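S.K.: This structure is in C-alpha cells; I'll ask about it shortly.
What follows is the structure, given as C-alpha cells:
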C-alpha cells in the first residue's frame, strides 16, 4: 500500500520561503493526482499525473506545486509567506484531479508550518 511522508515544515518569518516535500512509497503514486491541504480541510494546490495544476485563490502567485515522478515526490514551494499560512500541511493522493477533500484516499501525517509576524 502506498504511504505518503511530508517534510520541510518549520518556523519562518513573514515574507520567507519554504519548500515542502511529499514522498511516496509504493508503485502507483506516479499515476495519481496529489494535493496539498491545510489542516486536512482546505485544498491549497493540486497536481495531476501529467503536471496540470490547480491552486486556491489564497495562494495563487505565491505557491507552486510540482512533481518529480522519478523520485516519487511532490513539492510545494511556498514564497512570500504570511501569518495566515500557518497550519499543518498534509499531502494526499487521489485517482481524480479534484478539489473535493473526500476524493483523496491516501494521506500523510502532515508537517507544521508556522509563520511569525
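Numbering (our numbering), first residue to last: 7 to 123. All C-beta atoms, glycine included, are put in the ideal place defined by N, C-alpha and C. Being a predicted model, the structure only gives us computed values, none of them experimental.
Check residue 35 in the structure and name its three-state DSSP category.
M.R.: For this step, residue 35 is matched to residue 29 along the chain shown. In this structure, residue 35 counts as helix in the three-state DSSP scheme.
S.K.: When you compare the CB positions of residue 24 and residue 84, do they come within less than 9 angstroms of one another, or not?
M.R.: Indexing the chain shown from 1 puts residue 24 at position 18. Indexing the chain shown from 1 puts residue 84 at position 78. For residue 24 and residue 84, yes; Cβs fall inside 9 angstroms.
S.K.: Excluding the 5 residues flanking residue 93 on each side, which residues of the same chain have their C-beta closer than 7 angstroms to its C-beta?
M.R.: Residue mapping note: residue 93 aligns to position 87 of the chain shown, counting from 1. 44, 45, 119, listed in sequence order.
S.K.: Who are the Cβ neighbours of residue 59 in its own chain at under 6 angstroms, not counting the five residues just before and after it?
M.R.: Taking the first residue of the chain shown as 1, we reach residue 59 at position 53. These residues qualify, in order along the chain: 53, 71.
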